[in-house]
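Everything on this sheet refers to the single structure shown next.
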Amino acid sequence: MPDAPEGFLDYAPAPESTSLLSLKEQYGLFINGDFVEGSGSPFATISPATEKTITHVTEASEGDVDAAVQAARGAFDTTWSRMSGSERGKYLFRIARLIQERARELAVAETLDNGKPIKESRDVDVPLAAAWFFYYAGWADKLEYAGAGPQVRPLGVAAQVIPWNFPLLMLAWKIAPALAAGNTVVIKPAETTPLSALLFAEILQQADLPPGVVNIITGAGTTGRFLVEHPDVNKVAFTGSTAVGREIARAVAGTDKKLTLELGGKAANIVFDDAPLEQAIEGIVDGIFFNQGHVCCAGSRLLVQENIEEEVVSRLKERLSTLRLGDPLDKNTDIGAVNSAAQLERIRTLSQAGEEEGAERWSAPCTIPDQGFWWAPTVFTGVETSHRIAREEIFGPVLSVMSFRTPAEAIAKANNTPYGLSAGIWSDKGSKVLAVADKLHAGVIWSNTYNRFDPASPFGGYKESGYGREGGRHGLLAYLSTATTRKGRTR
Ligand code: NAP
Ligand code: MG
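Its first residue numbered 1198, the sequence shown is counted upward by one per residue in my numbering.
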């Protein structure tokens, strides 16, 4: 971050204490209600801000995955699918309250393991994770009213694989609707961010959740593959990259498994010349620099009306120059660490491609710490639709700015992408917002705001951003079968 200008006071360090987090030196796999050693090898999870080891976790082998699926099958057959909805709901409420009780500890763990600023894990990730369990707790005894169809039933064992950008929140998005609908779960967090899932396993023990209802297995891509390819799972729910999503779709094709895919994005954030500019600047910043841009629905393509482009870009650079990059545990930090060396390399490669292809690069003046993985907030102007930085998901704090003259041109440029997850529209005129939104091919469209999430609101994409919806009533449907959908199925 830049030094404070003369006459201004600088911020004093305000680090969140890590003393409330007591970690084991080694974590096993959470199978059938207990932590077990597993047969795979241990690996370290590190803090991307310091590169120091936080703790060690276990890589689940094929045999471990099988044990977890068997535990989930047993719990499905004997307990969970037979329990009344209102009883299941009580467990979900209990889990939600325990997340609230252990909120500070979970926020610190998430920030340590992922590198995201503590103010984000504290104010966004953890409260939303609790909200997801509260919301789906309310559905557990009302499944017949979800609009799925006649005689709703759970699917069985759900195999869930999640990414590293919102580890606890993505876990909540996956587990809460699955359990509310009466399914049991085996979930694999990402290799670089297993910590909050392991603390969540402790919460399940505190909540007295019957053994086997949720099983948490750590590991990398191979463990994920064993899980989604296991013959005894009934449902696969995946959030991650489009490339891996494709592999999973291929692996599941021709089986009886139900599949939902939440994949990548390259969202357009469209700013019209009648937009409230102060708010729009904040929305642009929130859209792409929240969580270091590691957000699938990030507003990574800024489409700004030509007559205000200069003013927007200059105000944006001014605002970005005030962002504070550094220790993610500091309560004043705006931009934390990039999650891994591999992700940093991808951001570097694509940013270099941007320069080589002729776009103009500007980065906020930041002091980059010596240790860890960091990328200063970066803005590319003069971007053309053919540039890689306009087409490929960077998944980092890098914004590509393009301009347009008419609403029709904005719509054409916004839709010129293989993805279709989200979009933003900034304008003073409600009628214009609605008319433009109607023509955008995106699952979620925000108007005069960005990156707002609510458990009651469905989320998901079109085209290469995947299929199926999470959140809301729609999120339940992905975990239920009905008399109609069961016809002709073996289970
Ligand atoms: P990724 O490489 O696809 O990994 C996602 C998860 O899949 C991780 O747990 C990963 O394990 C696992 N995995 C890798 N290969 C697998 C395979 N062959 N079979 C089964 N599982 C496998 O994606 P990422 O880099 O972690 O996450 C970034 C991507 O996720 C971005 O493209 C982003 O847009 C997308 N995303 C989408 C949403 C959404 O809701 N649409 C939300 C968040 C992120 P390891 O990581 O342990 O190797
Ligand atoms: Mg980590």
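Built from N, CA and C at the ideal position, the CB exists for glycine as well.
Residue i versus residue j: straight-line alpha-carbon distance, rounded
{"i": "L1460", "j": "A1269", "result": "26 Å"}
{"i": "G1409", "j": "I1400", "result": "14 Å"}
{"i": "F1650", "j": "L1325", "result": "8 Å"}
{"i": "G1593", "j": "V1492", "result": "8 Å"}
{"i": "Q1671", "j": "F1656", "result": "It is His, not Gln, that sits at residue 1671 in the sequence shown. The alpha-carbon atoms of H1671 and F1656 are separated by roughly 9 Å."}
{"i": "T1436", "j": "G1442", "result": "8 Å"}
{"i": "I1565", "j": "V1535", "result": "12 Å"}
{"i": "L1500", "j": "S1438", "result": "24 Å"}
{"i": "F1273", "j": "G1490", "result": "38 Å"}
{"i": "A1465", "j": "G1621", "result": "6 Å"}
{"i": "A1605", "j": "K1316", "result": "39 Å"}
{"i": "T1687", "j": "G1312", "result": "Below a pLDDT of 50, predicted positions are generally treated as unreliable, and T1687, at 48, falls in that range; the measurement from the model is reported next regardless. Approximately 45 Å, taken between the alpha carbons."}
Bridge-paired residues (DSSP) for residue i
{"i": "I1228", "result": "D1231"}
{"i": "N1536", "result": "None; N1536 has no bridge partner."}
{"i": "E1557", "result": "T1578"}
{"i": "S1678", "result": "R1350"}
{"i": "F1423", "result": "According to DSSP, which records beta bridges pairwise, F1423 is partnered with nothing at all."}
{"i": "N1412", "result": "V1383"}
{"i": "P1212", "result": "D1527"}
{"i": "L1499", "result": "N1466 and V1598"}
{"i": "S1511", "result": "Per DSSP, none; premise fails for S1511."}
{"i": "L1522", "result": "I1532"}
{"i": "G1621", "result": "N1466 and W1643"}
{"i": "Q1223", "result": "H1253"}
Under the three-state DSSP convention, the category residue i falls into
{"i": "T1247", "result": "coil"}
{"i": "W1572", "result": "coil"}
{"i": "F1486", "result": "helix"}
{"i": "P1364", "result": "helix"}
{"i": "H1253", "result": "strand"}
{"i": "R1602", "result": "coil"}
{"i": "R1688", "result": "Its pLDDT being 49, under 50, R1688 is placed unreliably by the model, and nothing is read from it."}
{"i": "N1466", "result": "strand"}
{"i": "P1615", "result": "coil"}
{"i": "H1671", "result": "helix"}
{"i": "I1653", "result": "In the sequence on display, residue 1653 carries Ala and not Ile. Looking at A1653 - three-state DSSP - the assignment turns out to be coil, as it is neither helix nor strand."}
{"i": "F1240", "result": "strand"}
{"i": "G1344", "result": "coil"}
{"i": "V1321", "result": "helix"}
{"i": "G1627", "result": "helix"}
{"i": "F1435", "result": "strand"}
{"i": "K1455", "result": "strand"}
{"i": "Y1664", "result": "strand"}
{"i": "S1194", "result": "The displayed coordinates of the chain run from 1198 to 1688. Any statement about residue 1194 would go beyond what the structure contains."}
{"i": "V1492", "result": "coil"}
{"i": "A1609", "result": "helix"}
{"i": "V1430", "result": "coil"}
{"i": "R1268", "result": "Checking the sequence, you will find Ala at residue 1268 rather than Arg. Residue state, collapsed to three classes: helix."}
{"i": "A1377", "result": "helix"}
Beta-carbon gap between residue i and residue j smaller than 8 Å
{"i": "L1513", "j": "I1481", "result": "yes"}
{"i": "W1623", "j": "F1487", "result": "no"}
{"i": "Y1224", "j": "T1252", "result": "yes"}
{"i": "A1265", "j": "Y1676", "result": "no"}
{"i": "W1361", "j": "T1390", "result": "yes"}
{"i": "I1485", "j": "L1596", "result": "yes"}
{"i": "P1245", "j": "D1531", "result": "no"}
{"i": "V1254", "j": "L1395", "result": "yes"}
{"i": "V1382", "j": "V1425", "result": "no"}
{"i": "R1319", "j": "A1306", "result": "no"}
{"i": "P1562", "j": "S1619", "result": "no"}
{"i": "S1393", "j": "D1310", "result": "yes"}
{"i": "T1575", "j": "W1559", "result": "yes"}
{"i": "N1380", "j": "D1483", "result": "no"}
{"i": "R1350", "j": "E1503", "result": "no"}
{"i": "G1416", "j": "K1463", "result": "no"}
{"i": "A1377", "j": "R1498", "result": "no"}
{"i": "P1374", "j": "T1679", "result": "no"}
{"i": "F1290", "j": "F1240", "result": "no"}
{"i": "L1456", "j": "V1433", "result": "yes"}
{"i": "A1611", "j": "I1467", "result": "yes"}
{"i": "P1212", "j": "D1567", "result": "no"}
{"i": "G1658", "j": "Y1616", "result": "yes"}
Rounded distance between the beta-carbons of residue j and residue i, thought under 8 Å
{"i": "G1663", "j": "L1458", "result": "4 Å"}
{"i": "D1338", "j": "G1282", "result": "3 Å"}
{"i": "L1340", "j": "L1673", "result": "7 Å"}
{"i": "E1302", "j": "L1217", "result": "5 Å"}
{"i": "A1653", "j": "G1669", "result": "5 Å"}
{"i": "F1577", "j": "L1541", "result": "About 18 Å separates the two Cβ atoms, so there is no contact after all."}
{"i": "D1263", "j": "G1237", "result": "The pair is not a contact, with the Cβ atoms about 12 Å apart (cut-off 8 Å)."}
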